[in-house]
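Just so we're aligned: 380 in the UniProt record's numbering is position 380 of the sequence shown, and the numbers increase by one with no gaps anywhere.
Notes for the one structure printed next.
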Amino acid sequence: DFISSICSILFESLFPGSSHPSRFTALTLLGTIADIFPNSEGQSQELFQIAQEVDGSRAESLLHCFASTFEEVKTLAFDLLMKLHPFLPYFQDPEKLQPLFQVAMQLSRSSKPYDCVTASYLLNFLIHQKGLLNICSESYQPLGMFQPNEDLPADSLEKNTLSVIKYLLENLVREILQAEKSLLHAAASFPMYGRVHCITGALCQLNRMTLTSEWKEVVRKLILMSYKLSAVVSPVVQSSSPEGLIPMDTDSETSARLQAILLEIQPCDTNDYFTETKLLKECYRPDCGDGRAPNVSTEIKGKEQHTSDVTAQMVLVCCWRSMKEVSLLLGKLCQLLPAQMLPSCSDALITMDQVKDIGEYFKNHLLKSRHRGAFELAYAGFVKLTEVFSRSNNEELHKLPQQWLYNVLEEIKCSDPSSKLCVTRRSAGIPFYIQALLASEPKKGKASLLKMTMKNLISLALPSDIPSSIISQVHALNILRALFKDTRLGENIIPYVADGMQAAILGFTSSVWAVRNSSTLLFSTLITRIFGVKRGKDESSKKNRMTGREFFTRFPSLYPFLLSQLEQITSTADSKTKELKLHPGLFLLLLVLSKLYPSPMDGTYSALSMASFVPLILRCGNSPVYRSRELAGRALVPFVMLNLVPQTVSSLLAGLPDSTDPCIQQNAVHGTLLQILHLLQSYLESKQRANSDFRKGLSNIITNICGKLWLANRQNPCLVTRAAYLDVLVLLNNYVAKAKIKETDMNTFWGEISTIILESELATGIKHSPAAPGLAQFLQSITRLFTSMCSVMAEPRFANRNFLTKNNTMKPGLSVEYLLHSDFCEVRLLVLETILLWLNQVNAKHVMEEKGNILLNLLSGLEETLIKIAVKEQHPECFCKILEVLYKMDLRNVLAKTEDAIKMNPRKFLHWIMNIANTSGSIEIQSISLKFASRLLVHLIQNWQEDLESETKQWLELVSYCCEDEQQTDLRLAAAEILVSITPFFLTDQKLPLGLSDTLFLWRCVVQLLQSEEQIVRDTAVGVIRLALSQENTFRKTGELDFHVVNAALALDLAFSLLCELLQLWGQTGAGVSVLLEWLLKEDDLKDLKSIIVMGNDYLFDKGQANFWAEKLTEVRQLSKHLLLLIPVTHVNSCEQRKLYQLARLASDQAQLVTQLLKELPPTPEFSQSVEFTKLAIQNERISLCLKILSLLEVGNGICKS
């Protein structure tokens, strides 16, 4: 009984519209149960048998899973049905199988790509049914024509498969003939890839083939058909611009129209035709398989022509998918070749000559195609072919991949101008071709093919003095890139990484753009291969880096190479200025070195000394290229041992020029300062430093820093180097503040910093032109230094001191308020971020009260300034931060200032905030303005006496808009946070401050967010339920769940339970029930659904619902469950009675419409129109539950019964 009840729950979760996670979980568990309790003939009835749990409706539910858009759901359902079908009487009924076969054939020629997958699963299941041929041949005559001789010794599966494949092949041959005349007609009416896909799927069901003579003929026809289909679609796929190409059809009636289309696309590559539908006069639409195709000419003469919508997307999908399916079919056919192939073997279904021809087909297709889609799709089939060769005992076949590999490498080497190999588009299909040939090599062997290939490619990829070798070099670099990206080659490819890196760096110095481009792509691939896929934006993160020791241990040959390259580059420095000459390879060398970080083992024995790199990288800091100087600073860090950092920094500081020096090289100064900055950053963050030595070293560094302070003030005319020096001061100041170093030791340092700030342009006014180089950088750095000092002064130990004063008075330009009025957005943004940080510290519990009071003093009086600049702010980031700061501030203080600051009363101020949320194009601004408006509205409703009905309505519309599935995650997350924050004020308040209608409207938003696709949104919305349950003395039944963790699925059920209790608490059961019944009945406009059913859907890739997690029927059933419990205590007055009667009429009308639409659907709509059928099934259950509840309320009983 227990297992039976589990199975019942699992089968019930396969209802129409159930989500992918529900179906996947249910089918997986059912499959596991079927494995544990297998069905078998003559099994004892005492043991559990899952087949006994599967009645007709449950069998249909499993079949309907084939219509899922998720392949894994189809596979799980298929596997489960294969275990159960021999024991289910449902599948012995001819009336059940015939419609399934018919719809499978119909879907196999659908223009929607996902339909052919459904057709394949249906056919694969049907061919396992013993009576398929007898059932279908009676009412489906064409299939009977292909039935093999009954006397032949073969099982029903093989006979069924053979008949179905023959039938599909016959239809396909006719359709190819029509496609040769009009590819446009084929793309719109009978794209051929679906038939091919079904044939391949059917072949995969067979483990052995006994009807040798019949199969040999079928295989021969399939190979010929594949070549013909490929010839039809290849002009589009192999074109240099397939997105805009539709070849001229032979049909004279469409040629003029096609010419116009070609002319329309030709001038510019905008791809507008890709989305615009073109009307095409359609003369012939082949039937879904009933009988042979009629004569086209008589069809044109005898029938009225009608139009069909054809887009270039349809043509592209038809051609690309046809090539893909042909490749997979040919690959599958090659696998029929026996491993022990003898020359005299006559029983083989496919001959060696046929396999060789298929190999030549793939070879030509991969080496000559120019479009990525063409060769990517052919690659999968070619891999299957090479696997057949690798396992064959025939010497000639076994050596074929090796021979092809030698041939293509020789062709690449010779650089023959007459060669048809494509040198553009990253060598097109050539890398794929070589990848497939190498993939066929046994994994446990010596990898001799890989060794030979890599040796040849690396020699070709390295620079050569022969001009004709350029094309070979480009090909080699592109192929190497593909091989290093191929994960199947695994660790076998790692020994060649160092050589590949050398080829990439040297190739970057080429004078030929094509070589540089391919080298850059190879370099990028190698960086990913060595350091891993980048998972964040932080360049200093250790996630995609490794220690220098590990790097050079893994790739020892890169040590002398990188060292010699750096020596070569740094030796080109100008003798007078010591500035490096421009060199293209420097950036790549520094990029590799900057990916390393110091090792705790540095300084221990190592054959490779890191010290050799230090002087060279130091010289790279003199580069005239800004980014190279930046990388040199980062690259120096792993090569300087931790205990030598203070000494190195002091040495670098000593090397900086004095203000009296006659000739100052600012590039060199900037490079040195960046090296100091990165060394200090690494040193201060390190956990391996010794305290006593560290304090001494830090003291020396600060002393030396103070000796070169002229670089940070006006004496230095370069704003870029001033900014870099200020960044060093900010780094030290922030560390000193956190480290709690004695105040007496730091007085001089803080005094110097204060002098710099007080005498800077920040205090005296900025007189530079906005276009001055480095101005933005400088302003950001000096502002960071100012805010850093303000944060230091907020410490309780400095309560009676302020370093930012001169003669006990602070300059007016140095207040936070003054900086908020700065003309430079960089300054305003940094100040606003600091204010936000201070506000968060004030609100944090762990911050000492004394420090909190000091921060409050810094923030006092800023409300008026922030409100004034908010109205004028044009910079979106600054505006967003202002709103965020105002949101975090005390609303009483904010509202007290709005009247004086911007002449707005609270109502107008609320309007202004909501208009921002309504009109802004920024998600961040929309989110924070809506949060601010929500907090403001709650405050005004609680503390303001005036009516805010219209404002409340506008706010409700905004919240509802943000909860919609189509909105971005951040916006829905903001809506969920708002609903949590207003729960005690609006959602559960016994006084109903918003009234019943608006309160229930907000609850509807909560229900919607509990079914959001993103887990973070659902988990946040659960907070509403958790908060409601935690309120004391409010609810009776749910008290045991107080403060427990609640997931979204349980929260949805609890939400309806809470609502029903609240309605009783508010004394609003009658009015509440009518609103909840509207929720129950609500659905998309059925008229739109009617037009889709009648006219059909022209979208090639119909995504259907946007939310794959929500389950409408789950919501409907849970709501109706709680409504049924609420009915006995519901009191309905006359006004509410009239409203319920109107609902009964509406439900009755909808019931009639749904019944009519269900009748208009084609046979087996679960597969042919699954989206529409699911919507109607859900609406049908909505209506029936609604009418049931209304009948219990004794409302319109006559209507409900009808």
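Glycine is no exception: its CB is placed at the ideal position from the N, C-alpha and C atoms.
Three-state secondary structure assigned by DSSP to residue 1203: With the chain covering 1 to 1202 only, the question about residue 1203 has no answer from this structure.
Whole-angstrom C-beta distance between Leu936 and Ile913, which should lie under 8 Å: For a cut-off of 8 Å, the C-beta gap from Ile913 to Leu936 is around 6 Å, short enough to register as a contact.
Segment contact, 8 Å Cβ cut-off, at least three pairs: the stretch 883-898 with the stretch 852-867: yes
Rounded Cβ spacing between Ser682 and Val736 (contact assumed at less than 8 Å): Not really, about 17 Å apart at Cβ, beyond 8 Å.
Cβ separation of Gly201 and Ser120, assumed to be a contact under 8 Å, to the nearest whole Å: 4 Å
Environment of Arg1036 [buried if 16+ CB atoms lie within 10 Å]: Reliability fails at Arg1036, whose pLDDT of 48 lies under 50, so the model's placement of it is uncertain and no value is given.
Any 3 or more C-beta pairs closer than 8 Å across the stretch 424-437 and the stretch 381-389: yes
Own chain, CB closer than 7 Å to Ala67, minus 5 neighbours either side, in chain order: Cβ within range, chain order: Thr118, Glu1166, Phe1167, Ser1170.
Simplified DSSP state of Leu994, which is helix, strand or coil: coil
Whole-angstrom distance between Ala504 and Ile350, CA atom to CA atom: 45 Å
Buried or exposed by the 16-neighbour rule on C-beta atoms within 10 Å, applied to Gly751: exposed
Uninterrupted alpha helix (DSSP H) stretches inside the stretch 599-678 (no shorter than 4 residues): Taking 4 residues as the shortest admissible run, the stretch 599-678 contains the following complete alpha helix (DSSP H) segments, listed from N- to C-terminal end: 613-620, 626-636, 645-654.
Proximal residues to Leu328 (C-beta, below 7 Å), its chain only, five neighbours per side dropped: Thr200, Ala380, Gly381
Sufficient close CB pairs (3 or more, under 8 Å) joining the stretch 154-173 to the stretch 85-97: In this structure the stretch 154-173 does not lie against the stretch 85-97, because fewer than three pairs of beta carbons, one per stretch, are closer than 8 Å.
Extent of the continuous alpha helix (DSSP H) run through Tyr725: 719-739
8 Å Cβ cutoff met for Ile1183 and Leu1081: yes
Straight-line Cα distance separating Val533 from Leu522: 15 Å
Thr547 - partner residues in DSSP beta bridges: Partner(s): Tyr597.
Straight-line Cα distance separating Glu1172 from Glu12: 21 Å
Buried or exposed (CB count within 10 angstroms, at least 16 for buried), Pro1162: exposed
Among Leu762, Ala1049, Leu820, the one whose alpha carbon lies nearest that of Leu862: Leu820
Beta-carbon proximity check, Gln926 vs Ser920, cutoff 8 Å: Yes, they are a contact pair.
Exposed unless 16 or more other CB atoms sit within 10 angstroms - verdict on Asp654: Here the sequence assigns Ala to residue 654, which means Asp is not the residue at that position. Under this definition Ala654 is an exposed residue.
Pair within 8 Å by beta-carbon distance, Asp989 and Leu956: no
Beta-carbon contacts of Glu1194 that lie in its chain and below 7 Å, excluding the five residues immediately before and after: none
Runs of alpha helix (DSSP H) wholly within the stretch 930-993 (minimum 4 residues, chain order): 949-962, 969-982
Lys767, buried or exposed, once every other Cβ within 10 Å from all chains shown has been counted against 16: exposed
Assigned exposure category for Arg714 - 16 Cβ within 10 Å defines buried: Exposed, by the Cβ-count rule.
Collapsed DSSP secondary structure at Gly1023 in the structure displayed: Shown here, Gly1023 sits in a helix according to DSSP, grouped into three states.
Separation of Cys880 from Gln1008, as counted between CA atoms: 27 Å
Option nearest Ala428 by Cα separation, candidates Gln473, Ser448, Leu366, His911: For Ala428, the closest of Gln473, Ser448, Leu366, His911 by C-alpha to C-alpha distance is Leu366.
Residue range of the alpha helix (DSSP H) that includes Asn893: 891-902
Which of helix, strand or coil DSSP assigns to Leu263: Any reading at Leu263 is ruled out, since the residue's pLDDT is 49, under 50, leaving its predicted position unreliable.
DSSP three-state assignment for Leu342, whether helix, strand or coil: Because Leu342 carries a pLDDT of 49, less than 50, the predicted location of this residue cannot be relied on, and no value is offered for it.
Cβ neighbour criterion (16 or more within 10 Å) applied to Thr721: buried
Leu1153 versus Gly17 - alpha carbon distance: Cα-Cα distance, rounded: 20 Å.
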